[in-house]
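S.K.: Structure below; questions to follow.
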Amino acid sequence: MTQSTAASLSRAAYLRRGLVATGSGLLKAFNANKTSWVGLGVFLIVAALAILAPWIAPYDPLDQNILFRLKPPSAEHWFGTDYYGRDTLSRILWGARISLAIGLLAIGSAMVLGTLIGMVAGYYGGRTDIIIMQIMDVLLAFPSLILGLIVVAMLGPSIANLVIAIALTAIPPFARIARAPTIAVKNREFIEAGRALGYSDTRLMFGHILPNIAPEILVMGSLWLATAIRVEASLAFIGLGVAPPTATWGGMIREGFENILDSFWLALFPSIAILIVVFALNLLGDGLRDAIDPRLRGEE
């Protein structure tokens, strides 16, 4: 086995060890505050409904029937029908797949990249820290919706471009939230002991620093996932989301807004779906925050 291969295996082992420690800390945080479980439970129910949409949706979301257009909620169509006679409940279930997929992909990418950028900036400091954080400050100067609008307008509305746009708006906050605790942790005694023993920077960052800052990153991730879903819905509402006839929550609200006076359910039900998901994610984030903050737990 070559030296480079051995080094790669060693780095992988350190990363796995850090992930295991992170998972253990996350479970402890969940058990410390039951609100986290409520938020997670509601979110998982919505995610399950989205995954099972092809089997539980009563109608094809694209199936049009002009004879049943703008029908109010009834036993046949629980959430009514839209202007083209499409079943609103079926479109909400299928729209959840798009909204959640875009949010999860965007925030997952932003979490990984932002955390890595913030850890590098905080760990190495000096000129590296200054250059990286100045770039992040430039991105932070743009409101998330405006920056997302600019990116989507330049690249064109598609799922991939929406993911890129939302991820780009979320990377700077993750970099910021990862940088500050990295600076604090890197000067602690166990990190100094690791350096004295000859541990590599990779081992120190992923095996020792990452598990200590992961809870804060996860709290930010749950809150920004709610933001990502709102941004996607906002972009779809102004016509920069996934192109029709694909069902998305924001697109459904936009279509319903045109008939808001006589067919209020078209905008009401997808808005409630967004409200439920955002509320669940905020419960999850608040519960995690309370669980990891010693001051809120009454600890010294």
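Numbered according to full-length UniProt numbering, the sequence shown spans residues 1 to 300.
Glycine is no exception: its CB is placed at the ideal position from the N, C-alpha and C atoms.
Here the structure is a predicted model, which is why all the values come from computation and not from measurement.
On the CB-based measure, 16 or more other CB atoms within 10 Å of its CB, does residue 134 come out buried or exposed?
M.R.: Exposed is the call here.
S.K.: Quick one: Cα of residue 243 to Cα of residue 165, how far?
M.R.: Their Cα atoms are separated by approximately 16 Å.
S.K.: Report the partner residues of residue 81 according to the DSSP bridge assignment.
M.R.: Residue 81 pairs with 87.
S.K.: If I'm right that residue 96 touches residue 50 with Cβ under 8 Å, what's the distance once you round it to whole angstroms?
M.R.: Going by Cβ atoms, the distance from residue 96 to residue 50 rounds to 4 Å, so yes, they are a contact pair.
S.K.: In the DSSP assignment, the alpha helix (DSSP H) including residue 161 goes from what residue to what residue?
M.R.: From DSSP, the alpha helix (DSSP H) with residue 161 extends over 159-186.
S.K.: What is the DSSP secondary structure of residue 5, reduced to helix, strand or coil?
M.R.: Annotation note: pLDDT 48 at residue 5 (below 50); position unreliable, coordinate value reported separately. Residue 5: helix per DSSP, three-state reduction.
S.K.: Near residue 221, what residues of its chain come up, given a Cβ to Cβ distance below 7 Å and the 5 sequence neighbours on each side ignored?
M.R.: The residues are 107 and 111.
S.K.: To test your reading of the DSSP string, which unbroken alpha helix (DSSP H) runs of 4 or more residues are found completely within the region 195-251?
M.R.: As far as the region 195-251 is concerned, its whole alpha helix (DSSP H) runs of at least 4 residues are 201-204 and 210-237.
S.K.: Apart from the five residues just before and just after residue 223, which ones in its own chain have a Cβ nearer than 6 Å to its Cβ?
M.R.: Closer than 6 Å at the Cβ level, and outside the excluded window around residue 223, lie 285.
S.K.: Cutting at 6 Å between CB atoms, please list the residues of its own chain near residue 247, excluding the five before and the five after it.
M.R.: Counting only Cβ-Cβ distances below 6 Å, and skipping sequence neighbours, we find 61, 91, 94 and 95.
S.K.: Report yes or no: do three or more beta-carbon pairs, one from the region 115-124 and one from the region 167-177, lie closer than 8 Å?
M.R.: Counting Cβ pairs under 8 Å, three or more are found: they touch.
S.K.: State the Cα-Cα distance for the pair residue 249 and residue 217, rounded to the nearest angstrom.
M.R.: Going from the Cα of residue 249 to the Cα of residue 217 covers about 27 Å.
S.K.: Cα-Cα, which of 154, 245, 82 and 289 is closest to residue 258?
M.R.: Minimum Cα distance to residue 258 is reached at 82.
S.K.: According to the Cβ coordinates, are residue 169 and residue 139 closer than 9 Å?
M.R.: Result yes, Cβ atoms of residue 169 and residue 139 sit closer than 9 Å.
S.K.: Would you report the Cα separation of residue 274 and residue 230, rounded to the nearest angstrom?
M.R.: Distance between the alpha carbons of residue 274 and residue 230: 7 Å.
S.K.: Could you name the residues of the same chain whose beta carbon sits closer than 6 Å to that of residue 280, not counting the 5 residues immediately before and after it, in chain order?
M.R.: If we look at residue 280 and ignore the five residues flanking it on each side, its Cβ neighbours are 39, 42 and 43.
S.K.: I'd like to know if residue 174 contacts chain B, where contact means its C-beta is closer than 9 Å to some C-beta of that chain.
M.R.: Note that chain B does not occur in the displayed structure, where there is just one protein chain.
S.K.: Hey, would you say residue 80 sits closer than 9 Å to residue 263, going by beta carbons?
M.R.: Yes, these two residues count as a Cβ contact at 9 Å.
S.K.: Hey, could you find the ends of the alpha helix (DSSP H) residue 262 is sitting in?
M.R.: Unbroken run through residue 262: none, as it is neither H nor E.
S.K.: Please report how far the alpha carbon of residue 226 lies from the alpha carbon of residue 103, in whole angstroms.
M.R.: Going from the Cα of residue 226 to the Cα of residue 103 covers about 8 Å.
S.K.: Is the beta carbon of residue 239 closer than 9 Å to that of residue 232?
M.R.: Not in contact: residue 232 and residue 239 (Cβ atoms no closer than 9 Å).
S.K.: In chain order, what residues of the same chain lie with their CB nearer than 8 Å to the CB of residue 251, ignoring the 5 residues before and after it?
M.R.: Contacts found: 95, 236, 237, 241, 242 and 244.
S.K.: Please classify residue 134: does DSSP put it in a helix, a strand, or coil?
M.R.: Correct three-state label for residue 134: helix.
S.K.: Tell me which residues share the same chain as residue 4 and place their Cβ nearer than 7 Å to its Cβ, disregarding the 5 neighbours each side in the sequence.
M.R.: At residue 4, the pLDDT of 48 sits below 50, so the modelled position is not reliable; the number obtained from the coordinates is stated separately. Here the set comprises nothing.
S.K.: Check residue 190 in the structure and name its three-state DSSP category.
M.R.: Note: residue 190 maps to helix in three-state DSSP.
S.K.: Look up residue 255 in the DSSP assignment and say whether it is helix, strand or coil.
M.R.: Of the three classes helix, strand and coil, the one that applies to residue 255 here is helix, per DSSP.
S.K.: Since residue 289 and residue 219 should fall inside the 8 Å C-beta cutoff, what is the C-beta to C-beta distance between them, to a whole number of angstroms?
M.R.: Correct: roughly 5 Å between the Cβ atoms.
S.K.: Spatial neighbours of residue 254 within its chain, please: CB distance less than 6 Å, with the 5 preceding and 5 following residues excluded, ordered by chain position.
M.R.: Counting only Cβ-Cβ distances below 6 Å, and skipping sequence neighbours, we find 237.
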